[in-house]
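K.L.:
Please see the structure below; I have some questions.
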Amino acid sequence: MEHRIGVFVCHCGTNIAGVVDVKRVAEELASYPGVAFSTDYAYMCSDPGQNLVKDAIKEHKLTGVVVSACSPTLHEATFRRAGVGADLNPYMVEIANIREQCSWVHQKDKPRATDKAVKIIKTMIEKVKQDEALEPIAVPVTKRALVVGGGVAGIQAALDIANSGHEVILVEKEASIGGHMAQLSETFPTLDCSQCILTPKMVDASQHPRITLMTYCEVEDVAGYVGNFKVKIKKKAAYVNRDVCTGCGLCSEKCPSKTDSEFDEGLSKRKAIYTPSPQAVPNKPVLDADHCIYFKNGKCGICAKICPVDAVDYTQKDEFVDVEVGAIIVATGYDLYPMVNIGEYGGGKIKDVVTSLQFERLLSASGPTGGQVLRPSDGEVPKEVVFLTCVGSRDPENHKAYCSKACCMYLTKHAMLYKHNVHEGQAYLFYMDVRTGGKGYEEFYQRAAEEDDVLYIRGKVSKVFEEDGKVMVWGVDTLTGQKVEIAADMVVLGLAMVPSVGAVELAKKLKIQVNEWGFLSEAHPKLRPVESLAPGFYLAGAAQGPKDIPDAVAQASAAASKVASLFAEKEYHREPIIAFVDEDDCAGCRVCVSVCPYDAAEFDEEKKVAHIQEAICEGCGACIAACPSGSVTQKNLTDDQLFKMVTAALED
Amino acid sequence: MKIPYYPGCTLHERALDFDKASRECARALGIELEELETWTCCGAVFPLTTDSVMDILAGVRNLAYAARQGDKVVTLCSFCYNVLKRTNHALHTDAEKREKANLFLRADTEVRENIGSYLKEDYLGQVEVLHYIEMLRDIVGFDKIGGLVKKDLSGLKVAPYYGCMLLRPKKEMEFDDPEQPEIFEGLLGSIGCDVVDFPMKTECCGGFQVARDEETAAACSQTIINSASRRDADIIVTTCPLCRYNLDVMQEKMEKSVTGFRKIPVIYFTQLLGVALGIDEEYLDFSDNYVDPRPVLAEKSLV
């Protein structure tokens with residue numbers, strides 16, 4: 000076939016033309032074998048620039064196009080669309096990157112930069128000569144979403160997707176949705192009651208006709224690909240038939256076995272058969288077999304006897320449910336870095352040194368003290384309370400290097416609420432920097448310092464220990480250079496936020512990446528903040544990084560809108576630049592199957608050869624590099640193409 | 000069982016009581032501490048400079064000496080332990096230092112003569128540096144020690160004092176959690192005394208400051224003594240001759256300046272272990288203490 004290739008050299012203002020002699024480039028390439036048309040233009044990505052490409056394709060009957068401009072990550076899609084506009088297959092349009100890879104890095108050597116630009120374009124011309132006209136791979140989309148995690152982010156994402164008309168399955172590992180937000184007292188910077196603003200959403204989620212709530216459930220396994228996931232969900236044995244249960248609460252009331260309440264962060268007791276909180280959704284109990292007398296010795300059985308609807312069932316087993324969904328939002332949230340790791344602050348052994356979540360429970364009207372701030376050791380009102388920021392955060396030597404983002408603000412809120420509760424008390428807050436980036440946050444901090452007399456001390460605390468019924472705090476005020484010693488009644492630790500227990504294991508099951516601290520990685524830190532690199536997976540809330548409530552909710556809505564746009568089309572179109580197997584050459588060694596990170600390579604037992612599943616392959620190339628017989632090839636990136644490209648680059 | 004033993008200068012001079020009690024306890028537990036045939040001062044302080052090899056040569060040389068006697072070396076003084084362990088760590092982690100240090104070893108004729116044919120290869124950090132208390136835990140076993148206890152120590156309130164040198168820096172020493180260490184409590188629990196947990200157990204005693212500025216050392220020590228006193232400790236035990244000196248001798252100053260000051264005897268942990276194991280008092284030698292521990296021990300019929 001005769002090649003008729005068009006070369007379009009972009010000036011990019013002076014970005015390229017200021018270094019590369021674009022006229023000379025266009026002229027030199029006009030005579031290169033296979034080139035039918037060559038020109039340059041100030042801004043090829045502008046409307047006139049794109050029209051220039053379209054007109055040239057039609058006028059010169061071009062079979063392929065090389066746009067010599069910026070990185071293909073920016074405008075490849077633009078020019079491929081322009082190609083389609085002129086009836087040229089989009090995969091016959093290639094980008095030669097002469098900006099990032101040439102003009103920007105060779106500003107001091109213009110003649111050689113021009114030579115290099117010519118070579119880069121020649122390699123792409125050689126590539127286009129052997130490019131095949133490809134069609135995107137269309138896969139059907141199951142218009143049902145799975146949201147993993149029923150905290151505020153998961154609830155918000157589920158509601159938004161459901162309200163856009165699609166079905167949602169919301170999976171939560173605990174007995175109730177609500178997450179950590181349900182434990183909080185009041186929220187910064189407006190001091191509205193956390194439960195008052197959250198519980199309506201919890202109820203909405205449970206009553207929405209398009210949301211299936213699956214509490215006390217966990218994701219066991221995920222197979223498939225974007226639009227077509229098959230998910231196995233474990234329904235943990237609750238030993239209560241929750242469909243029959245009316246939530247009357249008699250069983251919990253009469254249960255004789257007690258253990259620490261997770262919802263109250265160990266500050267109160269709950270029964271072995273329990274609902275996490277009075278506002279739990281669903282408000283139906285589960286039975287914790289580890290603390291149940293019946294499960295220990297076969298005696299008791301009071302809950303089963305007393306239940307008016309016979310809902311208690313000690314024989315219940317874990318069940319597994321298979322569901323099909325098109326998209327998955329991961330909103331697994333955070334936990335606090337365990338106090339036991341902070342030996343210098345007592346390592347969890349000092350009763351009156353509490354975590355920030357414990358202090359939330361002490362402030363909460365539904366908490367163990369009914370909203371009175373009373374110290375755990377003796378139930379007295381604490382007269383001096385010290386709040387510590389950056390406990391485990393911003394400490395790359397010993398703990399976590401990152402900032403946990405919400406602690407400055409919630410400790411400020413704690414100190415303020417404590418002062419509202421105990422007017423004559425003194426609140427001290429040690430800080431490294433007070434970070435108040437957020438609407439109304441700085442004003443909130445000023446109010447705490449000025450109106451509520453919270454004493455902010457810039458410096459770290461080196462040691463916290465018990466002495467004569469007090470909690471001694473040794474620190475330093477780095478603004479005055481003085482050592483500070485406070486005989487406090489209570490200390491509240493702003494512990495680092497870490498990914499919730501089990502989140503990293505779940506991410507592994509889903510094959511989505513996490514960063515070095517276990518937080519989920521987004522596809523692009525700025526431009527694709529709610530998508531995972533693996534298509535079909537979206538991120539919401541603190542699972543992606545430490546966050547406060549407004550950020551978590553915003554991200555959840557963003558993730559939901561991404562799901563809604565995926566569901567807006569009948570089919571999902573995937574890039575066809577993927578691997579394929581030459582079955583005649585394949586020896587069936589299965590190396591490709593073992594290296595494929597997406598499980599796209601499979602072994603065909605009948606033909607005894609490998610096979611790449613088109614709908615799953617991401618075109619990463621791992622199998623191509625691994626194949627010992629060279630029988631796996633990438634479409635439009637064949638060995639022969641690469642050889643010709645390298646030859647063109649090395650020619651004088 | 001024989002284990003190579005590096006006493007260090009202090010245990011050879013000022014802290015003879017520590018050396019004597021420790022050797023005798025080891026013997027009672029079936030271990031012969033075999034003093035290195037040749038050794039020198041370890042250098043006493045691990046250098047803060049990171050780009051010099053000269054400063055760690057004393058440590059390297061002693062470890063090379065130890066290498067010909069076995070794959071382990073046990074030491075008692077916290078400073079010696081700190082220097083030897085960190086020297087080893089530097090050789091493990093810094094290839095350039097390792098190479099340079101060995102160049103020095105090869106060039107040092109005295110070392111060559113001493114080590115001679117024993118050291119066929121370079122010293123690469125192959126000797127495991129053990130503190131005596133680690134030896135008790137890992138080689139003898141606290142449980143076994145508990146079984147050999149002859150005197151009833153119950154009711155004797157003992158405060159274990161760690162100081163800094165055993166524990167810090169954490170990543171190099173890998174001895175115990177520097178904030179909430181527990182190894183000492185493990186030993187003391189096994190010999191049946193009442194362990195007093197006190198918050199100042201890992202604070203600095205003032206260390207070498209005592210040579211330059213006694214007031215500072217006294218102030219540091221006083222914080223520690225007071226803390227143990229408030230927790231009703233009868234006696235403090237320690238691993239380090241310098242800590243022992245500061246905590247013990249500085250009480251003379253405290254006695255004069257603080258009204259109602261309660262003195263607390265400070266002894267080495269192997270002296271208390273010796274008491275528990277029923278070792279003859281002549282090996283335990285309580286005569287060198289400023290605050291005599293014997294009345295407290297006699298009260299419980301232990302001496």
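As you go down the protein sequences, you meet chains R and E in turn. Numbering that gives the first Met the number 0 puts the first residue of the first sequence at 0, with every later residue one more than the last. Numbering that gives the first Met the number 0 puts the first residue of the second sequence at 0, with every later residue one more than the last. Don't be surprised by glycine CBs; every beta carbon is placed ideally from N, CA and C.
1. Give a yes or no on contact between the stretch 374-382 of chain R and the stretch 307-321 of chain R, applying the rule of three or more CB pairs nearer than 8 Å.
2. So the candidates are E:Val274, E:Gly277, E:Ile138 and E:Leu104; which of them puts its Cα closest to the Cα of methionine 53 of chain E?
3. Grouping DSSP H, G and I as helix and E and B as strand, with all else coil, what is phenylalanine 579 of chain R?
4. Report yes or no: is there a C-beta of chain E within less than 7 Å of the C-beta of glutamate 521 of chain R?
5. Please report the residue range of the alpha helix (DSSP H) in which lysine 459 of chain R lies.
6. Let me see if you follow: with CB-CB separation under 7 Å, is aspartate 176 of chain E close to chain R or not?
7. Please report how far the alpha carbon of glutamate 166 of chain R lies from the alpha carbon of glutamate 343 of chain R, in whole angstroms.
8. Can you check whether the C-beta of glutamine 270 of chain E is within less than 7 Å of a C-beta belonging to chain R?
9. Is it the case that the stretch 82-94 of chain R contacts the stretch 120-133 of chain R, given that we only count it when at least three CB pairs across the two stretches are under 8 Å?
10. Can you list the alpha helix (DSSP H) stretches of 4 or more residues lying completely in the stretch 323-406 of chain R, in chain order?
11. Apart from the five residues on each side of it in sequence, which residues of its chain come closer than 7 Å, Cβ to Cβ, to isoleucine 656 of chain R?
12. Helix, strand or coil for glycine 205 of chain E per DSSP?
13. Provide the residue(s) that pair with asparagine 96 of chain R in DSSP beta bridges, ordered along the chain.
14. Could you work out which residues of chain E lie near phenylalanine 464 of chain R, taking near to mean beta carbons separated by less than 7 Å?
15. State yes or no: is the C-beta of glycine 164 of chain R within less than 7 Å of the C-beta of glycine 226 of chain R?
16. Check the DSSP bridge columns for leucine 212 of chain R and list the partner residues they point to.
17. Should lysine 142 of chain R be labelled buried (16 or more other beta-carbon atoms within 10 Å of its own) or exposed?
18. By the 10 Å Cβ neighbour count, where 16 or more other Cβ atoms means buried, how is histidine 422 of chain R classified, buried or exposed?
19. Going by beta-carbon coordinates alone, are leucine 183 of chain R and valine 146 of chain R separated by less than 7 Å?
20. Proline 110 of chain R lies in the alpha helix (DSSP H); which residues open and close that run?
21. Please tell me whether, using a cut-off of 6 Å, the distance from the CB of cysteine 616 of chain R to the nearest non-hydrogen atom of the ligand NAD is below it.
22. Using 8 Å for Cβ pairs, my map puts aspartate 334 of chain R next to valine 491 of chain R. What's the rounded Cβ distance?
23. For a cutoff of 7 Å on Cβ pairs, would you count glutamine 125 of chain E as touching chain R?
24. Measuring straight from C-alpha to C-alpha, what distance separates aspartate 259 of chain R and arginine 243 of chain E?
25. Of all Cβ atoms in chain E, is any one closer than 7 Å to the Cβ of glycine 342 of chain R?
26. Throw me the rounded Cβ distance for the isoleucine 176 of chain R and valine 280 of chain R pair, which I believe falls under 8 Å.
27. So, at 8 Å on beta carbons, what are the nonlocal neighbours of threonine 108 of chain E in its own chain, with the 5 sequence-adjacent residues on each side left out?
28. Could you tell me which uninterrupted alpha helix (DSSP H) segments, each at least 4 residues in length, are contained entirely in the stretch 179-254 of chain E, listed from first to last along the chain?
29. Can you tell me which of the three DSSP states alanine 66 of chain E falls into?
30. Can you list, in chain order, the residues of its chain with a C-beta nearer than 6 Å to that of alanine 558 of chain R? Leave out the 5 residues immediately preceding and following it.
31. Kindly list the residues whose CB is nearer than 7 Å to the CB of valine 352 of chain R, restricted to its own chain and excluding five residues on each side of it in sequence; keep chain order.
32. Does the contact criterion of 3 or more C-beta pairs under 8 Å hold for the stretch 360-372 of chain R versus the stretch 392-405 of chain R?
33. List the endpoints of the continuous alpha helix (DSSP H) containing threonine 646 of chain R.
34. Identify which residue in R:Val592, R:Glu613 and R:Gly587 has its Cα closest to the Cα of arginine 573 of chain R.
35. Which residues, taken in chain order from the stretch 150-180 of chain E, show a beta carbon closer than 9 Å to some beta carbon of chain R?
36. By a C-beta neighbour count over all protein chains shown, 10 Å radius and 16 as the cutoff for buried, is cysteine 195 of chain R buried or exposed?
P.N.:
Judging by the given coordinates:
1. Result no; under three Cβ-Cβ pairs closer than 8 Å.
2. Within the second sequence, the letter at position 54 stands for residue 53 of chain E. The option with the nearest alpha carbon to methionine 53 of chain E is E:Leu104.
3. Translated into the one-based positions of the first sequence, residue 579 of chain R becomes position 580. In this structure, phenylalanine 579 of chain R counts as strand in the three-state DSSP scheme.
4. As a working mapping, residue 521 of chain R is identified with position 522 in the first sequence. Output row for glutamate 521 of chain R: interface = no.
5. Within the first sequence, residue 459 of chain R is the residue found at index 460, counting from 1. According to the DSSP assignment, lysine 459 of chain R belongs to no alpha helix (DSSP H), since it is labelled neither H nor E.
6. Taking the first residue of the second sequence as position 1, residue 176 of chain E is located at position 177. Closer than 7 Å: yes.
7. Looking up residue 166 of chain R in the first sequence gives position 167. Looking up residue 343 of chain R in the first sequence gives position 344. Those two C-alpha atoms are separated by around 49 Å.
8. Your numbering for residue 270 of chain E matches position 271 in the second sequence. Closer than 7 Å: no.
9. Judged by Cβ distances under 8 Å, the stretch 120-133 of chain R makes contact with the stretch 82-94 of chain R, as three or more pairs qualify.
10. Listed in chain order, the complete alpha helix (DSSP H) runs (minimum 4 residues) inside the stretch 323-406 of chain R are 355-362.
11. Given that chain R is displayed from residue 0 to residue 651, the structure contains no residue 656 of chain R and the question cannot be resolved.
12. For this step, residue 205 of chain E is matched to residue 206 along the second sequence. Here DSSP, grouped into helix, strand and coil, assigns glycine 205 of chain E to coil.
13. Translated into the one-based positions of the first sequence, residue 96 of chain R becomes position 97. According to DSSP, which records beta bridges pairwise, asparagine 96 of chain R is partnered with R:Ala68.
14. Residue 464 of chain R sits at position 465 when you count from the first residue of the first sequence. The CB of phenylalanine 464 of chain R comes closer than 7 Å to the CB of Pro198 in chain E, given here in chain order.
15. In the first sequence, residue 164 of chain R corresponds to position 165, counting from 1. In the first sequence, residue 226 of chain R corresponds to position 227, counting from 1. Going by C-beta atoms, glycine 164 of chain R is not nearer than 7 Å to glycine 226 of chain R.
16. Start at 1 with the first residue of the first sequence, and residue 212 of chain R comes out as number 213. According to DSSP, leucine 212 of chain R bridges with R:Leu169.
17. The residue given as residue 142 of chain R occupies position 143 in the first sequence. Flag for lysine 142 of chain R reads buried.
18. Position 423 of the first sequence, counted from the start, is the residue given in the question as residue 422 of chain R. The residue in question, histidine 422 of chain R, is exposed, as its Cβ has fewer than 16 Cβ neighbours within 10 Å.
19. If you number the first sequence from 1, residue 183 of chain R lands on position 184. If you number the first sequence from 1, residue 146 of chain R lands on position 147. The answer is no: Cβ separation not under 7 Å.
20. Here residue 110 of chain R is taken as the residue at index 111 of the first sequence, counted from 1. Unbroken alpha helix (DSSP H) run through proline 110 of chain R: 109-129.
21. For the ligand NAD, the structure offers nothing, since it holds no ligand at all.
22. In the first sequence, the residue the question calls residue 334 of chain R occupies position 335. In the first sequence, the residue the question calls residue 491 of chain R occupies position 492. The C-beta distance from aspartate 334 of chain R to valine 491 of chain R rounds to 17 Å, too long to fall under 8 Å, and the pair is not in contact.
23. On the second sequence, residue 125 of chain E is found 126 positions in, with the first residue counted as 1. Closer than 7 Å to the CB of glutamine 125 of chain E there is not a single CB belonging to chain R.
24. Along the first sequence, one-based indexing puts residue 259 of chain R at 260. Along the second sequence, one-based indexing puts residue 243 of chain E at 244. Between aspartate 259 of chain R and arginine 243 of chain E, the C-alpha separation is close to 44 Å.
25. Counting from 1 along the first sequence, the entry for residue 342 of chain R is found at position 343. The C-beta of glycine 342 of chain R comes closer than 7 Å to at least one C-beta of chain E.
26. To locate residue 176 of chain R, count along the first sequence from 1; it is residue 177. To locate residue 280 of chain R, count along the first sequence from 1; it is residue 281. Beta-carbon to beta-carbon, isoleucine 176 of chain R and valine 280 of chain R are separated by about 5 Å, close enough to satisfy the 8 Å threshold.
27. Taking the second sequence and counting its residues from 1, the one referred to as residue 108 of chain E is at position 109. The answer is none, since no qualifying residue turns up.
28. Qualifying alpha helix (DSSP H) stretches, in chain order: 182-189, 208-211, 213-229 and 240-248.
29. Taking the second sequence and counting its residues from 1, one reaches residue 66 of chain E at position 67. Of the three classes helix, strand and coil, the one that applies to alanine 66 of chain E here is helix, per DSSP.
30. Reading the first sequence from its first residue, position 559 is the one you call residue 558 of chain R. The beta carbon of alanine 558 of chain R lies closer than 6 Å to those of Ala156, Ile328, Val529, Tyr537 and Ala539 in the same chain, with the five residues before and after it left out.
31. Indexing the first sequence from 1 puts residue 352 of chain R at position 353. Once the five neighbours on either side are set aside, the close Cβ partners of valine 352 of chain R are Tyr344, Gly345, Val463, Val470, Val490 and Leu492.
32. The way I'd put it, the stretch 360-372 of chain R doesn't touch the stretch 392-405 of chain R; fewer than three beta-carbon pairs between them come closer than 8 Å.
33. The residue labelled residue 646 of chain R in the question sits at position 647 within the first sequence. Start and end: 638-649.
34. On the first sequence, position 574 is the one that residue 573 of chain R refers to. Arginine 573 of chain R has its Cα closest to that of R:Glu613, out of R:Val592, R:Glu613 and R:Gly587.
35. Near chain R, meaning a CB-to-CB distance below 9 Å, the residues of the stretch 150-180 of chain E are Lys169, Lys170, Asp176, Pro177, Glu178, Gln179 and Pro180.
36. Your numbering for residue 195 of chain R matches position 196 in the first sequence. Exposed, by the Cβ-count rule.
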